[in-house]
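Residue numbers (the numbering used here), protein chains in the order written: chain L, 49 to 361; chain V, 3 to 683.
C-beta atoms are modelled at their ideal positions from N, C-alpha and C, and glycine is treated no differently.
Note that the structure is predicted; figures quoted are calculated from it, not measured.
Have a look at this one:
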């Protein structure tokens, strides 16, 4: 039990620190690719710190749901982060919730955030909530198919077990089923983290906002929690991708050396995935809302093909 | 009759319901008295019934008793076994909630409606359900079934002065009789094989049926029970009947009456019918998937709160059928342990859906009681005048969306694990269906979450959209207690699932010859696993604790910030235009617009906008907006069917000349034909 708590503590620190860094890195990389200087890698930390030191304005129309949502977003994202293997194959809480719990806990956070968006009575909030729930709903089957493909290979939905199996066959990602599943999950990642071409995290234009519209009325520490939670969620989903498909550097024992190597590999893999996301974001225009289902349908078909190819290969 | 404690409490609960029925009817002239008798006797019967169920489940071995009736093939045979006990437990949990709730709810009936007659029907419904779940004779089962249908008809059409109620009642009556017709034919096949109507005799007789007859029996029973359970495409009575019935009755209809269909399938397919055709499980699974996805898609388009909930019942019955179908497939394929897990997933979801759907209907009833409307577009902001109702409804909404750590999540999790295991256990191409069904379950879950964001937010959050919502008030305390009891059950069955699961051991042993719960619970009863510790584990209790532990420092962080830098209330951003009003709010129709467009192939939406303007079309004086979706099943399936029946019966009118001689001749000819048919054998 004490081991679980110590591990959780360490991973929690890692989670809380790396998540804003990753967001900042993506922003900077994107700026560089667009010939801008960009805000600097540490900007997300500064944002969170500044928001925590701001006064808060709560809309007159809001009820307690509005206040509960930031905690739910933050709580579910961090809890999910403890169920996912980051630097070693062992995730502190993986016994208490596998990949299904991860998906559904993220859905719990989203459920409350969508309620929070509608709670203010502002049309923007409703618009954001409606779009967010719609897109996540049609992203879900593709996500599950891709996850099932990996889970069926490992014969488990427990993420630590999946990582252990993955480590024994590091080059498995070359198998067609794994590549297809990766492609499907990558599209879902784009949709779930609200990135171009599905949503634009940098916009505040009414017609195109999704996530930003939902949190338009939040300010101060609540907004800090939501932004922090969102970046942790992004980290979690990216970790899920890099560690299940490219388990390099993961080891099953706990020594200073293995953890150090694991951490280095982990950060490098995250960096590469971030580069991929930035490339996609920069080279694509945002899709019209009603074209997004087509993109997610592609993800679904990729997931289904991944599943079928586990038969064949 | 054996007088074991189970038998004694069971008979006492039957007696309480019977007495309640008669006493309510007798006291109809004194509304207040009738109300106390109706609710009090139901509460007593439910508590006794629950006690009998708990005793019966603890005891493990089935209790049987039989009283001969003197009529051939018919006997008052009861069998109190694990399966019946489980459904009686479900019934008792709901009946306790509904009878407490009704103390307050029926008060507004006083002086306006006949509470005595309502109580009579209400008790008759509870009594007949109890009998259905314990009957061990086909005819006793059918009598219970039919009485239940008639009582439910009376209750659906209780507001009989409204045309809508009468029509819904009639539709329900027709569907209920199509259903009982199928069951009668199905039982006839079994009785013909065994020469007896006792359930116990079916098992060996069914095994000797030819495969054609076995398939026919399966199809007949499946049709019959699907109609009762409201499975697509036989679902049309649900969204018609649920909204017009009094809300406490809608809660029972969705909570337990449609579950009688699930009970019947489990009883007949897994117990009486011995073996079902090998394709049967696949049919059940696929029908389940279709029902789940279409059910939730139709629910999304509703802005009548109770119709929306009715469509969600169709969805959840679909999820239950996925588990049940998997159980049938695994049993035929020779994996009794997997079949056990699948059966537990199905039965646990049955119980969970009963509880949270009953809770949601009672919540909707509380809203309806306070605002007088079922139309969500006229509600809003009810969380302020009705905080307890809102909180209970929220618990139900989280549970039905399958979100952790409540009970809906646990049974959906078990269903996922079952489907995943199916891929490994079943050979051939059909196994691809399992993960596909799993992905459709994911779609269903996510759409349900979207739908309940809509249902909760439009009803309870933001600004009131109508005068009724502005003047809303909290419901009487008894109604809140009834809902609170179910909300508590949602939390308890989620967090404490590992302590509850042993309830299913006796059931799986009886139906499949396997105890499986010990494989499902590991790590000192804290963790639920999917059969093996490595295959997938979850612990709702730890998830809840973990959430609390992680939210705590966040709360501190915010508290410090608020203390130092302040917090104030301000107006919502209104784009600089003066004042945000309820007209700016998102509506239920607007919320589901995106999905309406995406799934327009299914919905075939139609909208009509008429603007009246003086000078320019950009400054309309008034706008008339109409939007509807095509009710596909009603239009494409039932309307032609109805037309055919009408045309057929108008042809048949020629032989209905109204002359008594002709009728006597018909009777004579029929008699002679029947005699010839009988002598031939």
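Item                                                                                                                                                                                    : Value
Please report the Cβ distance between residue 560/V and residue 270/L, rounded to the nearest whole angstrom; I am assuming they are in contact, meaning their Cβ atoms lie under 8 Å.  : 7 Å
With distances taken from CA atoms, which of 201/V, 563/V, 558/V is nearest residue 79/V?                                                                                               : 201/V
Applying the criterion that 16 or more other CB atoms from any shown protein chain within 10 Å of the CB defines a buried residue, is residue 577/V buried or exposed?                  : exposed
With distance defined between alpha-carbon atoms, name the residue in 282/L, 120/L, 218/L, 104/L nearest to residue 573/V.                                                              : 104/L
Consult DSSP for residue 78/V and reduce its assignment to one of helix, strand or coil.                                                                                                : strand
Would you say residue 105/L lies against chain V (beta-carbon separation less than 9 Å)?                                                                                                : yes
To the nearest angstrom, report how far apart residue 477/V and residue 147/V are at their CA atoms.                                                                                    : 34 Å
Who does residue 524/V pair with in a DSSP beta bridge?                                                                                                                                 : 529/V
Does the CB of residue 4/V have a neighbour CB from chain L at under 9 Å?                                                                                                               : At residue 4/V, the pLDDT of 49 sits below 50, so the modelled position is not reliable and the matter cannot be decided from this model.
For residue 37/V, decide whether its Cβ has a neighbour in chain L, counting only Cβ atoms nearer than 9 Å.                                                                             : no
Give, in chain order, every residue of the segment 192–222 of chain L whose Cβ lies closer than 7 Å to some Cβ of chain V.                                                              : 192, 193, 196, 199, 200, 203, 204, 205, 206, 209
Is the beta carbon of residue 189/L less than 9 Å from the beta carbon of residue 175/V?                                                                                                : no
For residue 265/L, which residues in chain V fall below 8 Å Cβ to Cβ?                                                                                                                   : 574, 575
Using beta carbons (cut-off 9 Å, strictly below), is residue 373/V in contact with chain L?                                                                                             : no
How would you label residue 216/V, buried or exposed, when you count the other beta carbons within 10 angstroms and need 16 or more for buried?                                         : buried
Using 10 angstroms around the beta-carbon of residue 553/V, count the other beta-carbons present and answer buried if the total reaches 16, otherwise exposed.                          : buried
For chain L, is any of its Cβ atoms less than 9 Å away from the one on residue 584/V?                                                                                                   : yes
Which full runs of the beta strand (DSSP E) of 3+ residues lie inside the segment 531–585 of chain V, going along the chain?                                                            : 569–572
Could you tell me if residue 179/L is buried or exposed, where buried requires 16 or more neighbouring beta carbons within 10 angstroms of its beta carbon?                             : buried
Going by alpha carbons, who is nearest to residue 55/V out of 414/V, 16/V, 571/V?                                                                                                       : 16/V
CB residue 170/V to CB residue 151/V, shorter than 9 Å?                                                                                                                                 : no
Quick test of the definition: if touching needs 3 or more C-beta pairs under 8 Å, does the segment 324–336 of chain V touch the segment 460–477 of chain V?                             : no
For the segment 202–280 of chain V, list the alpha helix (DSSP H) runs that are entirely contained and at least 4 residues long, ordered along the chain.                               : 213–231, 239–246, 249–254, 261–267
When the Cα atoms are used, what is the spatial distance from residue 43/V to residue 360/V?                                                                                            : 20 Å
When you compare each of 84/V, 167/V, 310/V to residue 591/V by their alpha carbons, which one comes out closest?                                                                       : 310/V
Label residue 320/L either buried or exposed according to how many other C-beta atoms from any shown protein chain fall within 10 Å of its C-beta, with 16 as the threshold for buried. : exposed
Short of 8 Å in beta carbon distance, which residues of its chain neighbour residue 341/L, apart from the five on each side in sequence? Order them along the chain.                    : 186
In terms of alpha-carbon separation, which member of 48/V, 659/V, 379/V, 496/V lies closest to residue 18/V?                                                                            : 48/V
Checking 9 Å against the spacing of the C-beta atoms, do residue 397/V and residue 103/V come in under that value?                                                                      : no
Just reading off the alpha helix (DSSP H) that residue 294/L is part of, what are its end residues?                                                                                     : No alpha helix (DSSP H) contains residue 294/L, which DSSP labels as neither H nor E.
Who are the neighbours of residue 557/V on chain L, taking C-beta pairs under 8 Å?                                                                                                      : 119
Touching or not, the segment 131–140 of chain L and the segment 56–75 of chain L, by the rule of three or more beta carbon pairs under 8 Å?                                             : yes
Judging by CA-CA distance, which residue of 183/L, 203/L, 230/L, 252/L is the nearest neighbour of residue 239/L?                                                                       : 183/L
Taking Cβ-Cβ distances below 7 Å as the criterion, which residues of the segment 168–181 of chain L are in contact with chain V?                                                        : 168, 169, 170, 171, 174, 175, 177, 178, 179, 181
Rounded to whole angstroms, what is the Cα-Cα separation between residue 264/V and residue 231/V?                                                                                       : 7 Å
Check for me: the beta strand (DSSP E) holding residue 105/L runs from which residue to which?                                                                                          : 104–107
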